[in-house]
Each structure stands twice: as structure tokens, then as C-alpha cells.
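**Student:** First to last, the sequence lines map onto chains A and B.
So in our numbering, spot 264 of the first sequence is number 667, and the numbers just go up one at a time.
So in our numbering, spot 2 of the second sequence is number 543, and the numbers just go up one at a time.
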Amino acid sequence: MHLESLELLNFKNYEEINLQFSPEINCLVGSNGSGKTNMLDAIHYLSLTKSAFNPIDVQNIRHESDFMVIRGMFRKEDRQETIQCSLQQGQRKVLRRNKKDYDKMSEHIGRYPVVLIAPNDTDVIREGSETRRKFFDSILSQIDQQYLLWLLQYNHVLKQRNSLLKQFSENNTFDRDLLEPYDRHLLEFGQLLLKARRDFLQDYLPYFLSHYQNLSEGKEAVSIRYESNMDVANPEAELRNNLRRDLALQRSNIGIHKDDFVFEIDGHPLKKFGSQGQQKSFLISLKLAHFDSIRQHKGYKPILLLDDIFDKLDDHRIAKLMELVSGHAFGQLFVTDARPERTERIFQQLSDTEVRVYRIEAGEARRIMAE
Amino acid sequence: MQYPSKYIEKAVEEISSLPGIGKKTALRLALHLLRKDEENTHALATALVDLRSKTQYCQQCHNISDAAVCSTCSSHHRDRSVICIVENPQDVMAIENTAQYRGLYHVLGGIISPIEGVGPSDIKLESLVQRVAEASDPAIKEVILALSPTMEGDTTAFYITKKLKPYGVKVSSIARGIPVGGELEYTDEITLGRSILSRTAYDTSHS
Ligand SMILES: Nc1ncnc2c1ncn2[C@@H]1O[C@H](COP(=O)(O)OP(=O)(O)OP(=O)(O)O)[C@@H](O)[C@H]1O
Ligand SMILES: [Mg+2]
Ligand SMILES: [Zn+2]
């Protein structure tokens, strides 16, 4: 599966552009602020129906314009499929596959998987459990449609239950019969999601560990531990025992929305005790394992988007990554770099690979021909 | 927008206050009315005024009715020992269209949803309990829940079941599961699981 061409109309700093891509390696080079990351974001939109950076859709419409269109032609084996995401200010976002609108965005997730490695990824290590849940939810949703549907349902029950707790507290009332159906749904979907997360991590961990071993030169032992307050013998009792606290705080304290994936290095929290280099290796390994699990489940390789990756990595890790690239471990690859000569130096070693380089300048792109 | 007449402006304003109708569509409709015979507009206006002034909600089932008690509730041909609970009048029409049901109805006029601030007291629930409690000759034997298969429908059904428990009336729910033409393989686990739990005896008399 790969992206053959991309057409943008009024997306971020692109007014109108149409590019053809290599099924193998595509480099986007250009100065800071020229629009390299925006191009990757457009591809992210086509895959996940949203931006990787700005969750407010209308803000991704080019300034002074009132609509945007992102259109991509994908090739999946011998089929060509057109995916179009468009947004008119004041209207709903429309996603279309081969001239047919989707009823629900969730139906699209996972059809054209991408893995993005971007500079703000360190959030997943530094920030709270929510970013880690989002990270793994995003992988799971791309792998398993059912997971996404359960998750949407779960979040809906949670919202209902929290609203109810709030109303109980505001009106100083309590009605067990009214709360009970939410508890049952919370438990029902919670158990399904818990099992899916646990099973997933079992598949994912070996990929992760092997990438970490390969990237790092250290002997340290790293791990990802799944923690859930629903992972107890009797989750129903757990929920019941926390009712008083739920009522006092006006929100639900038990459930998989409190899960964490704990990152550890030699048994200690990575955030506090991991060196910069160890954290970098950890991050890249998380992403490469993301790539591997999607490839394993789908039977084809997701598109890999590498944003400013060479800035983040030292020569050793770049060399390791390039080993994977030259060993054809990846499918289609998009790489951005503000320093064209560096990209050139790295990719010129590859002989049997089709590399296309685009120079991006203020929302315009020009293909640079290899000599 | 600049209108050539303040009456057009007023009409556009009113028409566009209807759900799903924007200013442009409203203007098109207004101009359409002006182009057609005057009687058309009068007929429309009369229909709208009558809709408002001559209909009411049935005192018993809360369906829309032309009299204090609707034709279904006052009919002698309906089974008065069964009540089917629905969310809104459209649901009554849908079930009537099947011609498979001969009992009475109860229209809740909403569904429990804390997010939207709709609680049990905001829907016609107390009057349902009262109906079940007070009915005699015949007493209510069965209550059928025909609510949508959403989280909110489920919650409302559960709550009603609890409230009716003391009266010993049989509460059933319309079967939900795999749609006709649906394929097992593509049915999600929860729906499939529920369909198995609520399986029905295989009836060969119709096939
Ligand atoms: N909605 C929008 N309308 C117009 N321009 C926008 C919009 N959103 C972002 N931009 C512009 O896009 C530019 C940033 O583009 P992008 O992040 O792709 O740069 P980049 O090439 O990746 O730069 P760097 O090398 O610094 O990462 C900024 O100049 C920003 O103002
Ligand atoms: Mg950038
Ligand atoms: Zn009636």
C-alpha cells in the first residue's frame, strides 16, 4: 500500500499543489516554516481523518480561505483508491472514498495506516498517562476496528456516568437504579478494552524490545508495564467500593480511562532515570514497534512519516535506522529535513531504491532531479 | 442579505428557524410560494395553524391526538392488557405500519441522557407506572420495551424495568440483533452475544 499522489487545496500554507510520489523514499527538504511538516500532516489526515498537530480542523484551513481539500490516490495491490477529506467552514468535515462519503469517520480508520515520528513525540514519555493511552489507542484503533468502536462506546458511557454523578451531587440526590446501567456498560466495555490492551501489549512488546536492543548500545533492561485499576479479581466490587469517592469528586475513578502504560528502565521510571540517549532509543523503538504490529496485523506495511528525524538522532542511531531502510524493512517513506545536503548524503548510499526529493518553499514544491 | 420586501425577510426568518433549513433554502421556499397560486399558501398556513391548535397529547399514552384520548386508546379492537413503550410518536407510526401489534402504546417523549440533562422526571415515566398500577379490567399483563438499541435506550429500558418490578407485570424487549440480510461474520461481538442470549424458539409454521 502506498500513496501515489497528493493534491492539496487551501491546506495550511498550501494554496494549490499536486505531487506524485515514489513508492519507496520521498524526501521533503526546505527551510524552516516552508511547509514540510504540513505535507506530512496532510497524509496523516488522509489516514486518521485528523491532524497530528492541531486538533481544531478549521484552523488547518489556509488563512483567508474558507475551505480545504486534501485528496490522495492510494494504491493497494492492483487497486487504486481515492481518499478525499474536505472541510468547508461552518460545516461538517467530509471524508470520501472513491466518490462515496463515509457515514462515520471511524469506518475509515485503519484502512491506510501511517506511523509518524515527530519532534513532539517525547510527550509520550514526559507527560501524563493520557498521552500514553492515546498512543496505544491510536495503534489499536488502526489494527482493530472493533476496538475503536468499543472505545467510542466506553467514552460515551463514561461521559454519561460523569454527568449523572455531577447531577446527583448538585441536586443532592442519589438513584441507584439510574446509575446501575452505566456501571454495567462501563464494566462490559471496560473488560473488553482491558483484555484487548493486555493482549496487544503481549504482541507488541517483543517488537519493541528487539528494536531497543538494536538501537541502544547499553545493556539496560527496558519494559512497558500495563497498569489498570480494573485489572482486579472483582472489578464490579471495585466500582461499588469507589462510589462514595466518585460522588464526592463528581467523576469516575475506576475504569480503563485511568490505565497507564508504565515505561521503565532497569525497574525505574524512564522519565526520571533514563538518559537522553536512552529516551531517544525508547521512543524510536516505540514507533518502530508500532510499525511492526500494524504490518503484522494488516499483512502490509504502513506508510512511515519521519519528521525531522535526523535532527533528533545521533550518527549511530541514524546508521541503525538506515540499515533498516536499506534492508527494505519499510514500505513507503516520507522524510523531512531542513538541511538538504544531509539528506542527500544519507540517501545517496542507497542504490536500488527510488528516491524522490522535493524542495518545499513557502507552500510550493519543486522536484529536484538526481544527477 | 438584502430582501426586496420586509415580508420576504420575515418569512425567510421564520422558515429558516426550522431544523435543517438554512437562509438560502428558506428564501427559495418563500419565492416558490409567491410563484404558486395564493390558495396554496393559504392551505399551508391553515394546516400549520390547525396542527398547533387542534392537536393535543393523549392523556393516556401521550401520543399526538385529535381528542383528549387518542383513537388507539379508545378503540375496542385493541388488546388493552399490553402496552408498548416507545420514545416518540414516529416510533408508534413505524410499529403501526407493521400491522403486527394490537396492544396499546405509551410515548415517553424522550430518553434518559444525563449529558443532555434528561432524567427520569423529564420523560413520561411516572404516568406509565400509574397506568400499570391502576389498570384493571383488564389489568396490564405485559409491557413491551421498544426503545432504540443505544446506550440511552438501554439505560431507559433498565430503569423502567426496575420501576415496574413491584407490580409483577411481565416486561419484555423487542428482539435486537442481526439485521435481516446481515452476516454473522460481520456482526460485532456484543450484538452477536446479545442475539444468542435472547434467542427465540425456531418456528417452522411460517416458513
Ligand atoms: N492555517 C494555516 N494557514 C496558512 N499558513 C499556515 C496555517 N497553518 C500553518 N501555517 C504555516 O505553515 C508554516 C509551517 O509549516 P511547517 O510546520 O510545515 O514548516 P516546516 O517546513 O516543517 O518547518 P520546520 O523546518 O521549522 O519544521 C508556518 O509558516 C505557518 O504559519
Ligand atoms: Mg517541521
Ligand atoms: Zn392514547
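Built from N, CA and C at the ideal position, the CB exists for glycine as well.
With distances taken from CA atoms, which of A:Asn429, A:Leu409, A:Ile420, A:Glu419 is nearest Gly734 of chain A?
**Tutor:** A:Asn429
**Student:** Rounded to whole angstroms, what is the Cα-Cα separation between Leu646 of chain A and Thr440 of chain A?
**Tutor:** 46 Å
**Student:** Are the CB atoms of Leu597 of chain A and Ile627 of chain A within a distance shorter than 8 Å?
**Tutor:** no
**Student:** Measure from the C-beta of Met542 of chain B to each C-beta in chain A and report whether the shortest distance is under 8 Å.
**Tutor:** no
**Student:** By the DSSP assignment, the beta strand (DSSP E) with Ser489 of chain A in it spans what residues?
**Tutor:** Run containing Ser489 of chain A: 482-491, per the beta strand (DSSP E) assignment.
**Student:** Pull up the CB-CB distance for Val670 of chain B and Leu705 of chain B, whole angstroms please, since I reckon it's below 8 Å.
**Tutor:** Between Leu705 of chain B and Val670 of chain B the Cβ distance is about 7 Å, and since that is below 8 Å, they are a contact.
**Student:** If contact means a Cβ-Cβ distance below 9 Å, which residues of the segment 591-602 of chain B contact chain A?
**Tutor:** none
**Student:** By the criterion of Cβ-Cβ separation under 8 Å, what are the contact partners of Asp695 of chain B in chain A?
**Tutor:** Pro584, His588
**Student:** Cα separation between Thr485 of chain A and Asp547 of chain A?
**Tutor:** Looking at the two C-alpha atoms, the distance is approximately 22 Å.
**Student:** Quick check on the DSSP output: what are the complete alpha helix (DSSP H) runs of length 4 or more inside the segment 549-602 of chain A, in order along the chain?
**Tutor:** Counting whole runs of 4 or more residues, the segment 549-602 of chain A contains no alpha helix (DSSP H) stretch at all.
**Student:** Can you have a look at Ser688 of chain A and say buried or exposed, based on whether 16 or more other CB atoms are within 10 angstroms of its CB?
**Tutor:** buried
**Student:** Is Lys439 of chain A close to ligand 2? I mean its beta-carbon at under 7 Å from any heavy atom of the ligand.
**Tutor:** yes
**Student:** Report the partner residues of Lys479 of chain A according to the DSSP bridge assignment.
**Tutor:** A:Arg482
**Student:** Chain B beta carbons: is any one of them nearer than 8 Å to that of Ser572 of chain A?
**Tutor:** no
**Student:** Which residues of the segment 636-658 of chain B have a Cβ closer than 8 Å to any Cβ of chain A? Give them in chain order.
**Tutor:** Ile653, Ser654, Pro655, Ile656, Gly658
**Student:** Could you check whether the Cβ of Thr739 of chain A sits closer than 7 Å to any heavy atom belonging to ligand 2?
**Tutor:** yes
**Student:** So, with DSSP's three-state summary, where would you put Tyr761 of chain A?
**Tutor:** strand
**Student:** Relative to the C-alpha of Tyr708 of chain B, which candidate in B:Ala640, B:Val684, B:Asn629 has its C-alpha closest?
**Tutor:** Distances from the alpha-carbon of Tyr708 of chain B to those of B:Ala640, B:Val684, B:Asn629 put B:Val684 closest.
**Student:** Who are the near neighbours of Ala445 of chain A in its chain, counting only those whose CB is closer than 7 Å to its CB and skipping five residues on each side?
**Tutor:** Leu409, Leu411, Phe414, Ile473
**Student:** Given 7 Å as the limit, tell me if Thr613 of chain B has its C-beta closer than that to any heavy atom belonging to ligand 3.
**Tutor:** yes
**Student:** Report the residue from A:His588, A:Pro743, A:Lys661, A:Asn565 whose alpha carbon sits nearest the alpha carbon of Gln653 of chain A.
**Tutor:** A:Asn565
**Student:** Check Tyr754 of chain A in the structure and name its three-state DSSP category.
**Tutor:** With the sequence shown as reference, residue 754 of chain A is identified as Ser, and Tyr is not the correct amino acid for it. Reduced to three states, the DSSP call for Ser754 of chain A is coil.
**Student:** Would the beta-carbon of Asp717 of chain A be found less than 7 Å away from any heavy atom of ligand 2?
**Tutor:** no
**Student:** Report buried or exposed for Leu852 of chain A, applying the criterion of at least 16 other Cβ atoms within 10 angstroms of its Cβ.
**Tutor:** Absent from the model: residue 852 of chain A. The displayed extent of chain A is 404 to 774, so no value can be given.
**Student:** Out of B:Thr596, B:Ala687, B:Glu726, B:Ala608, which one is the CA nearest neighbour of Val627 of chain B?
**Tutor:** B:Ala687
**Student:** Going by beta-carbon coordinates alone, are Asp663 of chain A and Glu641 of chain A separated by less than 8 Å?
**Tutor:** no
**Student:** From the beta carbon of Lys703 of chain B, is the nearest beta carbon of chain A less than 8 Å away?
**Tutor:** yes
**Student:** In the structure shown, what three-state DSSP assignment does Cys430 of chain A receive?
**Tutor:** strand
**Student:** In whole angstroms, give me the CA-to-CA distance for Tyr700 of chain B and Ile624 of chain B.
**Tutor:** 16 Å
**Student:** Would Pro584 of chain A pass as a contact of Asp695 of chain B if the rule is Cβ separation under 8 Å?
**Tutor:** yes
**Student:** Is the Cβ of Ser566 of chain A closer than 8 Å to any Cβ of chain E?
**Tutor:** Within the model displayed, chain E is absent; protein chains A and B are what it includes.
**Student:** Taking DSSP as the reference, what is the three-state secondary structure of Glu724 of chain B?
**Tutor:** Coil, per DSSP.
**Student:** If the cut is a Cβ gap below 7 Å, which residues of chain B does Lys562 of chain A touch?
**Tutor:** Near Lys562 of chain A (Cβ distances below 7 Å), the residues of chain B are Ile656.
**Student:** Which bits of chain B does Gln594 of chain A rub up against, with CB to CB less than 9 Å?
**Tutor:** Residues of chain B with a Cβ closer than 9 Å to the Cβ of Gln594 of chain A do not exist, since the nearest Cβ in that chain sits about 11 Å away.
**Student:** Between Glu757 of chain A and Glu427 of chain A, which are expected to be in contact by the criterion C-beta below 8 Å, what is the C-beta distance as a whole number of angstroms?
**Tutor:** 5 Å
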